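Position 63 (the sequence shown) corresponds to 63 in our numbering; numbering is contiguous.
Quick reminder that beta carbons are idealized off the backbone N, C-alpha and C, glycines included.
Just so you know, these numbers come straight off a predicted model, no measurement behind them.
Remarks on the structure that follows.
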Amino acid sequence: MFVSLYTGITMGFGIISMARENLRATQIMTDRMEEMRLYTWTQVTSFGSSTSYIPSSFIEPFFPTSSSSSSFTTNQAGINFYGTLSVVVPSITESYSNDLRVVTVTLNWTNGSVPRTRSMSTMVSQYGMQNYIY
């Protein structure tokens, strides 16, 4: 009985940890997608060139907090999310395909010994971008 109780508690903590990592991954990808709205169309189309303003790779740390008595402390055994960003012309045949770009953010991280990957894609349009920043 004690073994099954211990196993249940351990599994519960593992599931919560995985849910927190997935939530953080979603937050990171959403943040990068929202960041794309602040770039000009010229900056978006120059992605991958030597004058590109948009970074193609990044690292985001995640340090979950653990409770120690009544105060919260930072757990030093955090996780690094390794991300890549790509901007490509979509593979569509419509006449406006040159006015679109497909933006994809991919995250990789390791939970213990299990590699994890999440990805998010969207399309950005030259005439759909806001111009209140620039």
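Ignoring anything shorter than 3 residues or poking outside the region 75–102, list the beta strand (DSSP E) runs there in chain order. 79–88
Quick check: what's the CA-CA separation for S86 versus V3? 48 Å
Using only CA atoms, which one of G48, F63 and R20 lies nearest to S56? G48
Thinking just about the alpha-carbon of each residue, which of Y96, I92 and N80 is nearest to the one in R116? N80
Contact check, S119 vs T106, beta carbons under 7 Å: yes
For chain B, is any of its Cβ atoms less than 7 Å away from the one on L107? In the structure shown, chain B cannot be found, because there is only a single protein chain.
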